[in-house]
Amino acid sequence: SPANGLRFYPDDPIAVYPEPGDASDINEREASEGWDYVENNWLKPWVPGNVRAMNLNTVDEVPDSSWFTNRIGARALAAGEITRGPDRSAGPVRGRWRIQSGKSAGIMPGFTMRDAEGTLYFIKVDPPQHPELASGAEVISTKLLYALGYNVPENYIATFRMEDLDLTEAKVTDGGKKRPMTREDLERTLSQAARADDGSYRVIASRALPGKPLGPFRYFGTRPDDPNDVVAHEHRRELRALRVFAAWINHVDSRGINSLDTLVDAAGSLSMALRAGPSTAPRAGRKIVRHNLLDFSSTLGSGGFRPHSRRSGNEYLWDVRQSLIRMATLGLVVPSWALIDFPEYPSIGHFEAETFDPVEWRPHYRHAAMENARPDDLFWAARRVMAFSDEAIRAAVRAGQYSDKAAETYLANVLIARRNKIGRAWLTVGNPLVDFTLSGSGQLTFRNEAARYDIASAPDAYRIRWARFDNATHAATPIGDELVTRTPSADLPAALRTAAPSYVRVEVRTMHPEYPSWASPVYAFFRREGTMWKTVGIER
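Mapping of the sequence shown onto my numbering: position 65 corresponds to residue 741, and the numbering continues sequentially without gaps.
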């Protein structure tokens, strides 16, 4: 309201979310898979509701932060950049790998080790009957989620032989007590791993994240001991957007337990610190919390140590409605997902696009951020999925290093088809207009995302109304009559050119007989800066 001051400030729209607080005193949080399930499925300690995301700038975008960095969709990414992802090296250095401990969490066998240069990695294996299944899914999903903007580990596909492993420093937990790891322990672990004909093992090598581990974050509320965590997680758009991104890559295990907060140096942790401006410049010794997603071995067609069940992505683990239907029908009604004919690719598992419905897709269980996603959040996410070209997707899939090229082609085609279904589902939920600009000469241009990707035909018309905008009182004074045009462009009225106000507002409605919701207006606000106009606000 006007009582709150100016609608737009000189630094709007901000590109970086300021995080000036020092989190050095933050405490580690324990992780509990069982409690995570109970909390999200039964207790639900959040308030659902149609609340606009609270971490947006004035142009309806998510600023860079310790949660998210704008990449694809905000700028063009070359295929090579997508393939590289978060990787800053070639992976574990060959030589003697010094095992530190056996893997104590998760369903997949593995261990932690230090490579020949002393870098710490977490190792997970592929299942014996499905070589390349988990490792391919983990690496590909890492590339895609990094390109989408998330903080993820450096996940590599690596190979080793038994004789490459050194047990001198290795420990295992046995009966609650630590003891030296024996060769029998190692052989027991590797007996559950896919082994190549030459005796080598292909594994996922996940480089330890920088900083001090603090445990997982929750998808609701805030972390009380983090002074920079001031937006409830269920109201962060980048977390709500996982409803779309997880559906695309079938990340049914997207939940709090598969995340990790780390305490890092503010000065060197984020490139965004250099763009944050003098008011948020990093102070020496200041720490911030970096929020990471991890563990993507149960994505695409992989369920980790086996292919996904046919149910994965189609029903929640505990689905009351479906359970009641089966009880009432004595199990005689067979769900459609049980009849899907999956191709026989051991390295791909159960992943398809023909019956995929992004709106009906289901993770293993609900969490607050996904539950609170609104149409504008889903539209924002769908734009980023659609920003992946066919070649970009194929490049990401090649990073999975599949030995079967037919399997590689199949997986890429499925991701492309699922991308297209996501666009059709969520680029049409509201008025799909983006990228408003006003040139110095007064020409307005914008883009229709649904038409851009041939998801919908061109609309019948755009209805445009201009107004002078008072930044202090927030009042908009209409200027001239409504303009009707068939093209996504218009001219600034002469009255606004000659008077040269500081701010103008344009209202655009899109008229399409098949999409009545497009008639809801999108407002764009422009500020005069010298002889040019700057886009400072988008309101849906």
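Each residue gets a CB set at the ideal place from its N, CA and C atoms; glycine is no exception.
Exposed unless 16 or more other CB atoms sit within 10 angstroms - verdict on residue i
i	result
N726	exposed
R837	exposed
W711	exposed
P900	exposed
P1164	buried
V1063	Per the sequence presented here, residue 1063 reads as Ala, with Val not at that position. Buried.
P686	exposed
E830	buried
S955	A caution first: S955 carries a pLDDT of 45, below 50, which makes its placement in the model too unreliable to give a value.
S1079	exposed
D701	exposed
D1157	exposed
E1028	buried
G1213	buried
Among the options, nearest to residue i - alpha-carbon criterion
i	options	result
R1095	V1073, G1118 and I1069	I1069
N716	E793, H1040, S817 and G1118	H1040
P768	Y797, K779 and A1101	Y797
P1019	L1087, S867 and V965	L1087
M730	I775, G1106 and A908	A908
A1175	L862, R1144 and A1148	R1144
E793	R883, N746, I833 and A1082	R883
K888	T1121, N746, E1215 and E704	E704
L993	Y713, P696 and D698	Y713
W1037	R987, P1022 and G749	R987
A1082	D736, I880 and P1022	P1022
P689	R772, V735 and V906	V735
T865	F787, S742, D842 and L821	F787
E1047	R728, A1072, A699 and A707	R728
N1124	A1071, Y1191 and N746	Y1191
P1189	T1104, G1213, K1097 and L1114	T1104
A1049	D861, Q1077 and V723	V723
P1034	W1102, V1073, Q1077 and L1015	W1102
R772	Y822, A755, E1215 and T844	T844
D902	A1004, P807, N934 and V940	V940
P1011	Y822, E1030, E991 and R855	E991
DSSP state of residue i mapped onto helix, strand, coil
i	result
F1055	helix
A1093	helix
E914	helix
K853	strand
H967	strand
T788	strand
K720	coil
V1198	strand
G1213	strand
W924	helix
T1121	strand
N1147	coil
V1184	strand
P689	coil
A872	coil
D1080	coil
D1033	coil
D736	coil
S831	For the sequence presented, residue 831 should be read as Asn rather than Ser. Residue state, collapsed to three classes: strand.
G1156	strand
K800	strand
Own chain residues within Cβ distance below 7 Å of residue i, not counting five before or after
i	result
A952	The pLDDT assigned to A952 is 43, lower than 50, so where the model puts this residue is not dependable; a value taken from the coordinates is nonetheless given after this. Closer than 7 Å at the Cβ level, and outside the excluded window around A952, lie V692 and P694.
M1208	G1116
D1066	I1092
L732	V738 and R913
I1155	W1142, A1143, R1144, P1169, A1171 and L1172
A1290	Residue 1290 is absent from the structure shown; the chain starts at 677 and stops at 1216.
R871	Y877
6 Å CB neighbourhood of residue i in its chain, flanking five on each side removed
i	result
A846	I775 and M857
R1204	S1178
D937	L890, F893, V965 and H967
Y832	G767 and A881
G989	N926, V928 and W1037
heavy atom of the ligand SAM below 7 Å from residue i C-beta
i	result
P694	Because no ligand of any kind appears in the structure shown, any question about the ligand SAM cannot be addressed here.
Cβ shell of residue i (< 8 Å), same chain only, five flanking positions each side left out
i	result
T1161	A1137, Y1138 and I1140
T898	D905, V906, V907, A908 and H909
Would you call the region 922-933 and the region 971-982 in contact, with 3 or more CB pairs under 8 Å?
yes
Decide yes or no for the touch test of the region 834-854 against the region 870-878: beta carbon pairs closer than 8 Å, at least 3 of them.
yes
Would you call the region 1049-1057 and the region 901-918 touching, i.e. three or more CB-CB distances under 8 Å?
yes
Evaluate contact between the region 841-851 and the region 804-824, counting only Cβ atoms and requiring at least three cross-stretch pairs below 8 Å.
no
Should the region 1124-1141 be regarded as contacting the region 1209-1216, the criterion being three or more beta carbon pairs within less than 8 Å?
no
When you compare the region 1106-1115 with the region 1190-1208, are there three or more beta-carbon pairs, one atom per stretch, that lie closer than 8 Å?
yes
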